[in-house]
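Novice: Counting from 706, one number per residue, gives the positions in the sequence shown under the working numbering. Mind having a look at this structure? Questions to follow.
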Amino acid sequence: MHKWLPSECDCPITYTLAVVGGKWKWLILYKLFQNGIQRYGEIKKKMPSITHKMLSQELKELELEKLIHREEYSQVPPKVEYSLTEKGETLIPILELMSKWGANNRTR
706 MHKWLPSECD CPITYTLAVV GGKWKWLILY KLFQNGIQRY GEIKKKMPSI
756 THKMLSQELK ELELEKLIHR EEYSQVPPKV EYSLTEKGET LIPILELMSK
806 WGANNRTR
């Protein structure tokens, strides 16, 4: 159990929402699923409404949960790439269902 999850929250849904809850994490995961390996700037370009601070924070949290992999290259200028891990890829069916649900239910 995560230290930030109350002990009474022994529910799989609560755990899932604690790990990938919020406005941005699902969208970041979906962009990595759609586009494969991405640099920070590429992710930011596809999500113009997210602030740099929030994107950095969300990427760090997803990495801590082992849902994404961060590859840092020692070069000038610095190069960092993000990709889904095997654990992150287990969320692809959920991402696809969310996308389908949104396409079928949004107001046009």
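Yeah, the Cβ is synthetic: ideal placement off N, Cα and C, and Gly gets one too. Just so you know, these numbers come straight off a predicted model, no measurement behind them.
(1) Residue 785 by DSSP, collapsed to three states: which one?
(2) Can you check whether the CB of residue 789 is closer than 8 Å to the CB of residue 738?
(3) What is the rounded straight-line gap between the Cα of residue 725 and the Cα of residue 772?
(4) Does residue 769 come within less than 8 Å of chain B when only Cβ atoms are used?
(5) Across the stretch 788-803 and the stretch 750-764, are there enough close Cβ pairs to call them in contact, namely three or more that are closer than 8 Å?
Specialist: Let me spell this out:
(1) Your numbering for residue 785 matches position 80 in the sequence shown. Under the three-state reduction of DSSP, residue 785 is assigned to strand.
(2) Within the sequence shown, numbered from 1, the residue matching residue 738 stands at position 33. Within the sequence shown, numbered from 1, the residue matching residue 789 stands at position 84. Result yes, Cβ atoms of residue 738 and residue 789 sit closer than 8 Å.
(3) Taking the first residue of the sequence shown as position 1, residue 725 is located at position 20. Taking the first residue of the sequence shown as position 1, residue 772 is located at position 67. Whole-angstrom Cα-Cα distance: 9 Å.
(4) Judged by its chain identifiers, the structure shown contains no chain B, having just a single protein chain.
(5) no
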